[in-house]
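Input: a single structure, listed below in structure tokens.
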DNA sequence: TTCATTTGATAACAAATGTTATCGTATGCC
DNA sequence: GGCATACGATAACATTTGTTATCAAATGAA
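Protein chains in written order, with full-length UniProt numbering: chain A, 1 to 191; chain B, 1 to 191.
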């Protein structure tokens, strides 16, 4: 799982082996809840194989806010960073192979590597990138129609359209399942 | 302007005076464009008095994405951090008193204070806070009706409703000016 | 003041979107 | 294979929201 990253981290083999040993491998079926709503989660997950969605309950309806695939890391940020009860549920969509690490172990690693400016800068860039991603998604809600948002999704995140059940995608785009079905149908018959 | 912050920064008076001297005070009328679309801006503004909006052009319509008031800092993040041409316009709404600082001077300060963990942590927290704010705003678009978003705005950011012309607020909430007017009218006559 | 411009309310109509219900197909499980 | 369940398409209708146009009030500049 981590071999492909080995050469990107300027660490001794000893340190590298210690750090990667903090990760725990699990295999889970689809629809496995990894983090429950209201739970204070101190786990971060990395996806080796499979697919995860983050959703929250709003008046009985389940609204999906994010999707994650292979090689991405997932946590309830509020819960992980601020020790708040998680406002969201983190759940697998497909049978998945995951690696998790505790916040305690991450903090230990971060404390040890903080003098390595290269790694520090990469972490800061990751934070910025996530902010940029949110801004982009948010802009799309004030400037694009649902149809345009769906076209953007096909263009920019084809994995979502290909692997995720459609009714999860609907709330991610901010429309009802019926309307997403209409959008697809209209795009199909216009062409 | 900066006196109220003095005790929060563990710096010598000498360094404090040097750093604050990098800021330049300007007074501008309302509707002054501070950063133009397409410009690579290397300025960060701090608002002493007044009010600023950030907007972008979408097919001839001007869509507002953010508002800023006294004591907040404003830049085109994309442009400031990544040296990209700014996708947005930064413009005053009221006659304003501003302080600006160049990226070059900020980088100099950051380089000098980076060993002060207290300041470093505060900066990282600011980045996180901005991400959380975006997430919250974004969630509101997939879970709330425009009416609910307007009620949230009154509750959480009353300054915007009180000081900003209504047609700017409409695009910020993702509705037409006519519809925002309808929302207000309906709320008024229901009570 | 006077005049032009900005801002906001409203009406009438068109278009987009949600809701509920029904149906067919796919999928997973025994 | 058979059954329950999940998933997705579609129709009919209700509701929300956008568009265009008009008017009134507020604001700012000469």
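Heads up, the beta-carbon is just placed ideally off N, CA and C, and yes, glycines get one too. Computed from a prediction, not measured in an experiment: that's the story for all the values here.
Nearest-angstrom Cβ-Cβ length linking residue i and residue j, presumed shorter than 8 Å
i	j	result
residue 183 (chain A)	residue 146 (chain A)	6 Å
residue 47 (chain B)	residue 71 (chain B)	7 Å
residue 81 (chain A)	residue 128 (chain B)	6 Å
6 Å CB neighbourhood of residue i in its chain, flanking five on each side removed
i	result
residue 35 (chain A)	41, 76, 86, 90
residue 167 (chain A)	177
residue 54 (chain B)	65, 66, 88, 90
residue 52 (chain B)	68, 74, 92
residue 79 (chain B)	40, 41, 86
residue 163 (chain B)	51
residue 94 (chain A)	30, 50, 51
residue 4 (chain B)	none
8 Å Cβ cutoff met for residue i and residue j
i	j	result
residue 44 (chain A)	residue 109 (chain A)	no
residue 142 (chain A)	residue 73 (chain B)	no
residue 96 (chain B)	residue 50 (chain B)	yes
residue 159 (chain A)	residue 69 (chain A)	yes
residue 134 (chain B)	residue 135 (chain A)	yes
residue 173 (chain B)	residue 150 (chain B)	yes
residue 138 (chain B)	residue 138 (chain A)	yes
residue 92 (chain B)	residue 181 (chain B)	no
residue 63 (chain A)	residue 140 (chain A)	no
Spatial neighbours of residue i in its chain, beta-carbon cut-off 7 Å, leaving aside the 5 residues before and after
i	result
residue 16 (chain A)	6, 9
residue 83 (chain B)	40
residue 120 (chain A)	114
residue 61 (chain A)	none
residue 33 (chain B)	89, 91
residue 22 (chain A)	101, 105
Cβ neighbours of residue i in the same chain (closer than 8 Å, five flanking residues each side left out)
i	result
residue 197 (chain B)	Nothing about residue 197 (chain B) can be read from this structure; chain B reaches only from 1 to 191.
residue 20 (chain B)	2
Whole-angstrom distance between residue j and residue i, CA atom to CA atom
i	j	result
residue 130 (chain B)	residue 115 (chain A)	25 Å
residue 12 (chain B)	residue 175 (chain A)	55 Å
residue 14 (chain B)	residue 117 (chain B)	20 Å
residue 161 (chain B)	residue 153 (chain B)	7 Å
residue 59 (chain A)	residue 144 (chain B)	11 Å
residue 111 (chain B)	residue 27 (chain B)	30 Å
residue 155 (chain A)	residue 189 (chain A)	19 Å
residue 186 (chain B)	residue 157 (chain A)	39 Å
residue 99 (chain A)	residue 148 (chain B)	40 Å
residue 179 (chain A)	residue 165 (chain A)	15 Å
residue 169 (chain A)	residue 18 (chain A)	39 Å
Secondary structure of residue i, DSSP reduced to three states
i	result
residue 175 (chain A)	coil
residue 9 (chain A)	coil
residue 65 (chain B)	strand
residue 94 (chain A)	coil
residue 76 (chain A)	coil
residue 30 (chain B)	coil
residue 82 (chain B)	helix
residue 161 (chain A)	helix
residue 101 (chain A)	strand
residue 37 (chain A)	coil
residue 118 (chain B)	helix
residue 136 (chain A)	helix
residue 111 (chain B)	helix
residue 56 (chain A)	strand
residue 15 (chain A)	helix
residue 128 (chain A)	helix
residue 141 (chain B)	helix
residue 3 (chain B)	helix
residue 186 (chain A)	helix
residue 71 (chain B)	coil
Residue i: CB within 7 Å of a non-hydrogen atom of the ligand ZN
i	result
residue 162 (chain B)	The model on display carries no ligand, and the ligand ZN is accordingly not part of it.
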